[in-house]
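Presented below is the structure to which this report refers.
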Amino acid sequence: MLYVVKLLYAWLLPPGLFILLLLLAHMLFVKTRRTRYYFVALAVMYLLSITLVSDRLLQPLENYYAQPELSALRNADAIVVLGGGSVGGVKDFDGEGQAAADPANRLLMGIRLHRALKLPILVSGGQVFSYTGTEAEIEYRLLKGAGIGEAFILKEDRSRNTVENARYTKQLCEKMGMDKVILVTSGYHLPRSVLIFEREGVSVIPYPTDYKTNKETAIDAFSFTPSAEAVRTSAIAMKEYLGILAVKLGAQ
């Protein structure tokens, strides 16, 4: 009964609800010879909203780089943690503003790597919109709250996207005399990030984290059930593939 209820919720909430309504509208009202175009659009919407498709779109990105062993990180000079969104103006435990889910996972991995390697952490991310927080400032406070000494924290608080992350991080690394950094970001974001950082002349050791898909991809009823999370996963994957193409074409 637990799984039946979950399936019912999935079809009665967006995007499953939208798909059912569109299918019903077609059955009741659409009477044209161009029906096949409607079905193509509906099929694409359905496929991008199920984990059977969305996870397989994202997995090649997440699996592109494996997490290196600690022994391969010993020659790095710093740990660079990329931002990815923040929530401004909200109350936090020891201040104001919080990191969004993805960068929070990235920051957690940065903390764990710092404790294992005793390397400084460079948090990279500025204020993208006027109503969001400044990511590096928020993460700087979070790192101090987690017991990381100020001497081990560096912040780059001007960047608004991955290109600027790389550009301003390079400037800071040159200023600090750092030659190689551990680049920590979500697994899906890492292939594009490495391309951009290397193009800017930053020597990086890729370190993926914040995985969205399971290693084992089971197929069951939920694999074919629409969900908002699957839509988001599909959108993330499509954005990254387009971003990689843009970098390779020199458009980003």
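Position 249 of the sequence shown, counting from 1, maps to 249 under the working numbering, and the rest follow consecutively.
Glycine is no exception: its CB is placed at the ideal position from the N, C-alpha and C atoms.
Source: prediction; values computed, not measured.
- Burial is judged here by how many other beta carbons sit within 10 angstroms of a residue's own beta carbon; valine 81 has at least 16 and is buried.
- Annotation: the continuous alpha helix (DSSP H) that includes threonine 169 extends over 162-176.
- Using a Cβ-Cβ distance cut-off of 8 Å, the region 177-195 and the region 49-61 are in contact, since at least three pairs of beta carbons, one from each stretch, lie closer than that value.
- For alanine 136 and lysine 180, the gap between their C-alpha atoms comes out near 20 Å.
- In the structure shown, the three-state DSSP call for threonine 185 is strand.
- When secondary structure is reduced to three states using DSSP, alanine 99 falls in the strand class.
- For serine 234, the enclosing alpha helix (DSSP H) begins and ends at 228-248.
- Remark: C-beta atoms of isoleucine 138 and glycine 110 do not approach each other more closely than 9 Å.
- The beta carbon of proline 68 sits closer than 7 Å to the beta carbons of Ile205 and Tyr207 from its chain, once the five residues preceding and following it are set aside; these are given in chain order.
- Shown here for tyrosine 46: same chain residues with a beta carbon closer than 7 Å to its own, the five before and five after excluded, namely Ile19 and Pro226 in chain order.
- Leucine 245 is classed as exposed because its beta carbon has fewer than 16 other beta carbons within 10 Å across all chains shown.
- As summarised for the region 36-84, the continuous beta strand (DSSP E) elements at least 3 residues long and confined to that stretch are 78-82, given in chain order.
- Scanning the region 103-153 for uninterrupted beta strand (DSSP E) segments of 3 residues or longer gives 121-124, listed from N- to C-terminal end.
- The C-alpha of lysine 248 lies about 46 Å from the C-alpha of valine 4.
- Minimum Cα-Cα distance from alanine 72 among the listed residues Tyr64, Arg160 and Ala116 corresponds to Ala116.
- Cβ contact annotation for tyrosine 65 (same chain, cutoff 6 Å, sequence separation greater than five): Leu190, Pro206 and Pro208, in chain order.
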